[in-house]
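The next block holds one structure in the form of structure tokens; read it before the comments.
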């Protein structure tokens with residue numbers, strides 16, 4: 470950002486994201502070294518990289534009023550040449566939607582959306598990204614860049630969810646989706662935001678209806694506004710639900726959301742929260758093989774194979790460290806208990822003892838465990 474961080478720290482965050490399972494990474498830098506930061510991230514990333522080009526465009530002029538369509542097209546083409554895989558383009562924020570913002574508590578919470586709304590008011594003109602959308606399509610077609618059609622009017626609190634501003638923009642994004650497809654350019658639709666749990670299915674259904682079932686890519690959503698410092702949790706709850714109902718990609722949120730620039734540990738916590746949400750959604754949608762890892766870990770848990778439990782977990786280092794905090798010696802990796810229950814009160818150990826009295830052994834479970842391990846390791 471303009472106030473903190475440096476290129477080396479951003480590259481380290483990239484490495485942390487990839488280590489813990491990020492499928493793509495966005496460079497949302499707004500500091501003075503935007504180009505150099507993006508170059509470093511592109512050079513070090515094994516996964517697709519996305520950007521929001523209006524940030525760099527704004528850094529090249531004195532203020533919002535001085536932004537131009539030609540400058541934006543120049544920045545977009547330069548980033549495409551540099552190797553960016555997808556870009557957020559806030560082309561659905563139109564002049565006629567600005568009055569819809571006034572009743573909101575939090576107004577416009579998208580940086581790109583607020584910049585463009587400000588520009589339209591200052592210049593008394595329509596959104597230049599909307600008016601020059603076909604020119605952007607031609608650049609994307611040339612460089613095989615995908616659209617992330619930005620939700621510049623997404624709700625920034627529960628009270629603003631599912632309002633006229635959000636759905637007016639969504640309708641426009643549907644129109645732009647069809648235009649992009651005419652140029653054979655791939656599209657995903659960015660989604661909210663802050664949504665009460667009872668409105669999450671509505672969000673998915675509306676996006677599918679208005680945007681012709683283009684992939685839906687959501688920031689959470691956060692299901693409550695009262696937990697600053699824990700918004701990786703408030704949003705992972707919503708992310709699991711919206712993933713279950715049909716969202717295609719989840720944009721993670723860190724504990725630092727609404728409070729400051731995330732550090733490496735914040736990134737770690739956010740990625741793990743969202744890997745949990747995404748996996749839970751896959752299980753709920755009955756994706757083939759989605760539950761295999763859960764079943765394998767459950768067998769490892771019942772059979773007291775501690776090392777396999779750690780290996781199969783989403784965050785093996787943390788699982789191992791928490792176990793070893795109270796039972797450090799390697800001896801305890803063979804123990805049929807942990808420090809929660811001890812040897813006398815472990816329910817699964819008691820179950821095994823009971824089954825042994827009934828003349829039953831664990832060979833069937835052990836075989837099923839081995840079969841699952843082979844399956845999940847492929």
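In my numbering, the protein residues as written are 470 to 847. Glycine is no exception: its CB is placed at the ideal position from the N, C-alpha and C atoms. Bear in mind the structure is a predicted one, so any value in this text is a computation, not a measurement.
Consult DSSP for residue 656 and reduce its assignment to one of helix, strand or coil.
DSSP, reduced to helix, strand and coil, places residue 656 within a strand of the structure shown.
For the alpha helix (DSSP H) that contains residue 486, what are its first and last residues?
For residue 486, the enclosing alpha helix (DSSP H) begins and ends at 476-488.
Provide the residue span of the alpha helix (DSSP H) that contains residue 616, from first to last.
No alpha helix (DSSP H) contains residue 616, which is instead part of the beta strand (DSSP E) from 615-618.
On the premise that residue 606 lies in contact with residue 652, defined as a C-beta separation below 8 Å, what is that separation, rounded to the nearest angstrom?
Contact flag correct, Cβ pair sits at about 4 Å.
Are residue 458 and residue 840 close, meaning C-beta to C-beta below 8 Å?
Limits of the chain in this structure are 470 at one end and 847 at the other, which puts residue 458 out of reach.
Count the CB pairs spanning the region 616-633 and the region 557-564 that are closer than 8 Å, and state whether there are at least three.
In this structure the region 616-633 lies against the region 557-564, because at least three pairs of beta carbons, one per stretch, are closer than 8 Å.
Does the region 783-800 come within contact of the region 734-745, defined as at least 3 CB pairs closer than 8 Å?
Output reads yes: the region 734-745 touches the region 783-800.
Cα-Cα separation, residue 848 to residue 578:
In the structure as shown, the chain begins at 470 and stops at 847. Residue 848 is therefore absent and cannot be evaluated.
C-beta atoms of residue 590 and residue 616 nearer than 8 Å
Pairing residue 590 with residue 616 gives a Cβ-Cβ distance that is not under 8 Å.
For residue 519, the three-state DSSP class (helix, strand or coil):
Note: residue 519 maps to strand in three-state DSSP.
Where residue 658 and residue 547 are concerned, what is the direct C-alpha to C-alpha distance, given to the nearest angstrom?
Spanning the alpha carbons of residue 658 and residue 547 requires a straight line of approximately 23 Å.
Return the bridge partner residues of residue 810 from the DSSP annotation.
Looking at the DSSP output, residue 810 bridges to nothing.
Just to check my reading of the structure: residue 687 and residue 660 have Cβ atoms closer than 8 Å, yes? What is that Cβ distance to the nearest angstrom?
Going by Cβ atoms, the distance from residue 687 to residue 660 rounds to 4 Å, so yes, they are a contact pair.
Quick check on the burial criterion: 16 or more other C-beta atoms within 10 angstroms. Buried or exposed for residue 832?
Around the CB of residue 832, fewer than 16 other CB atoms lie within 10 Å, so the residue is classed as exposed.
From this set, 608, 664, 640 and 557, which residue's C-alpha is nearest residue 631's C-alpha?
Comparing C-alpha distances from residue 631 to each of 608, 664, 640 and 557 shows the shortest one belongs to 664.
Residue nearest to residue 666 in terms of C-alpha spacing, selected from 676, 713 and 684:
Considering only alpha carbons, the answer is 713.
Rounding to the nearest angstrom, what Cα-Cα distance links residue 455 and residue 845 in this structure?
Absent from the model: residue 455. The displayed extent of the chain is 470 to 847, so no value can be given.
Assigned exposure category for residue 755 - 16 Cβ within 10 Å defines buried
Counting Cβ neighbours within 10 Å, residue 755 comes out exposed, since fewer than 16 surround it.
Tell whether a beta-carbon distance below 8 Å holds between residue 662 and residue 698.
Not in contact: residue 662 and residue 698 (Cβ atoms no closer than 8 Å).
Who are the Cβ neighbours of residue 584 in its own chain at under 7 Å, not counting the five residues just before and after it?
So the list reads 523, 527 and 533, once near-sequence residues are dropped.
I'd like the list of long-range same chain contacts for residue 449, defined as Cβ closer than 8 Å, with 5 residues on each side in sequence excluded.
Here the chain covers residues 470 to 847 and nothing more, so residue 449 does not appear.
Any idea what DSSP makes of residue 740, helix, strand or coil?
Annotated three-state conformation of residue 740 is helix, per DSSP.
Less than 8 Å between the CB atoms is what I'm expecting for residue 556 and residue 598, so what's the real figure, rounded?
Your pair residue 556 and residue 598 does not check out as a contact, with CB atoms roughly 11 Å apart and the cut at 8 Å.
Should residue 519 be labelled buried (16 or more other beta-carbon atoms within 10 Å of its own) or exposed?
Residue 519 is buried by the Cβ-count criterion.
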